[in-house]
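Encoded as structure tokens, the structure appears first; notes follow it.
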Amino acid sequence: MNLFRLAGDMTHLLSVVVLLLKIHTIKSCAGISLKTQELYAIVFAARYLDLFVHFMSLYNTIMKLVFLASSFSIVWYMRQHKIVRRTYDKEHDTFRHQFILLPCLVLALLINEKFTFREVMWAFSIYLEAVAILPQLVLLQRTRNIDNLAGHYVFFLGAYRALYILNWIYRYFTEPHFVHWISWIAGIVQTLLYADFFYYYITSWKNNVKLELPA
Amino acid sequence: DAPSTKKDEL
Chain S
1 MNLFRLAGDM THLLSVVVLL LKIHTIKSCA GISLKTQELY AIVFAARYLD LFVHFMSLYN
61 TIMKLVFLAS SFSIVWYMRQ HKIVRRTYDK EHDTFRHQFI LLPCLVLALL INEKFTFREV
121 MWAFSIYLEA VAILPQLVLL QRTRNIDNLA GHYVFFLGAY RALYILNWIY RYFTEPHFVH
181 WISWIAGIVQ TLLYADFFYY YITSWKNNVK LELPA
Chain L
216 DAPSTKKDEL
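Below you can see the structure in the form of structure tokens.
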């Protein structure tokens, strides 16, 4: 476990836990895309199928449980909680899931490490994670500006992806045969998706103005 | 059987 990966996991943990705590505290999910949260819940469900099948490490198991619990809790809050659900911006969060789920599933059936259920589901979760943020970015685009709830969330997620790329570079040079094309390519695509958001986030932060995303 | 490549990352 290298520092980049630990920092990446902690930032990723921070993004979901901070989001859950904020939604729980202010009883609002304004600016948050339920579609993205549902896609992330599917990412974790598809990737952590072997959670109880084979034990990697205590850290690994605990983190998987926390990610599953927090992502499903966020979806529950946004769909079921009597107060929070009223703050959900339904008419703007209209990105259709199937435009993301089906291509990822087809790609996972075509490109995977081994044509077994678990490997296909793993590849599916990797591809899905790469594009799961799209509904959130579209929602931010539509609502034009971004309150700090969604801003911090996307910012932490982007930081986690950038740290993971550093982790892969580090592991590539320090561990023989550490090659994971599927994760690497999907991870780079995912990080690029954040890049333009970062550009606007940092420029608005520097000019100390409300973040205005171009239409 | 362990997955084809050791998947130790989250």
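Quick note, the sequences are listed as chains S and L, same order.
Taking this note's numbering, the leading residue of the first sequence gets 1, the next gets one more, and so forth.
Taking this note's numbering, the leading residue of the second sequence gets 216, the next gets one more, and so forth.
Just so you know, even glycine gets a beta-carbon here, dropped at the ideal spot from N, CA and C.
Problem - Rounded separation between I62(S) and N208(S) - CA only - result: 39 Å
Handout entry: Given A108(S) as reference, the closest of M78(S), V66(S), R47(S) once Cα atoms are compared
Key = R47(S)
Exercise for the section: Assess, as a yes-or-no matter, whether the region 165 to 173 of chain S is touched by the region 37 to 55 of chain S under the definition of 3 or more beta carbon pairs within less than 8 Å. Expected result: no
Practice task
Work out the CA separation of I182(S) and K64(S) for me, nearest whole Å.
Solution key: 20 Å
Practice task
Output yes or no for whether 8 Å exceeds the beta carbon distance between G158(S) and F197(S).
Solution key: yes
Exercise for the section: State the CB to CB distance for the pair S73(S) and L140(S), rounded to an integer number of angstroms; the pair is presumed to be in contact (CB under 8 Å). Expected result: Between L140(S) and S73(S) the Cβ distance is about 22 Å, and since that is not below 8 Å, they are no contact.
Exercise for the section: Could you list which residues in chain L have their beta carbon closer than 8 Å to that of H5(S), in chain order? Expected result: Looking at the sequence provided, one finds Arg at residue 5(S) rather than His. Ordered by position in chain L, the residues that pass the 8 Å Cβ test against R5(S) are E224.
Problem - Inter-stretch contact at 8 Å, needing at least 3 Cβ pairs: the region 188 to 205 of chain S / the region 25 to 36 of chain S - result: no
Handout entry: Residue range of the unbroken alpha helix (DSSP H) whose run includes F173(S)
Key = 148 to 174
Handout entry: For I133(S), the nearest candidate out of S15(S), Q80(S), N2(S) (CA to CA)
Key = S15(S)
Handout entry: Whole-angstrom distance between Q80(S) and F44(S), CA atom to CA atom
Key = 20 Å
Exercise for the section: Taking only the alpha-carbon atoms, compute the straight-line gap between P135(S) and L101(S) and give it to the nearest angstrom. Expected result: 12 Å
Exercise for the section: Flag S70(S) as yes when its Cβ comes closer than 7 Å to any non-hydrogen atom of the ligand SAM, and as no otherwise. Expected result: This structure lacks the ligand SAM; in fact it carries no ligand of any kind.
Handout entry: Element boundaries [alpha helix (DSSP H), containing R142(S)]
Key = 134 to 142
Problem - For H152(S) and K114(S), the rounded distance between their alpha carbons - result: 37 Å
Practice task
Kindly give me the distance between the Cβ atoms of I126(S) and A186(S), rounded to whole angstroms, as I take these residues to be in contact under 8 Å.
Solution key: 5 Å
Handout entry: Nonlocal neighbours in the same chain, by C-beta distance under 8 Å from N2(S), ignoring five residues either side
Key = N167, Y170, R171, T174
Problem - 8 Å Cβ cutoff met for Y235(S) and F155(S) - result: In this structure chain S extends from 1 to 215, so residue 235(S) is not present and cannot be described.
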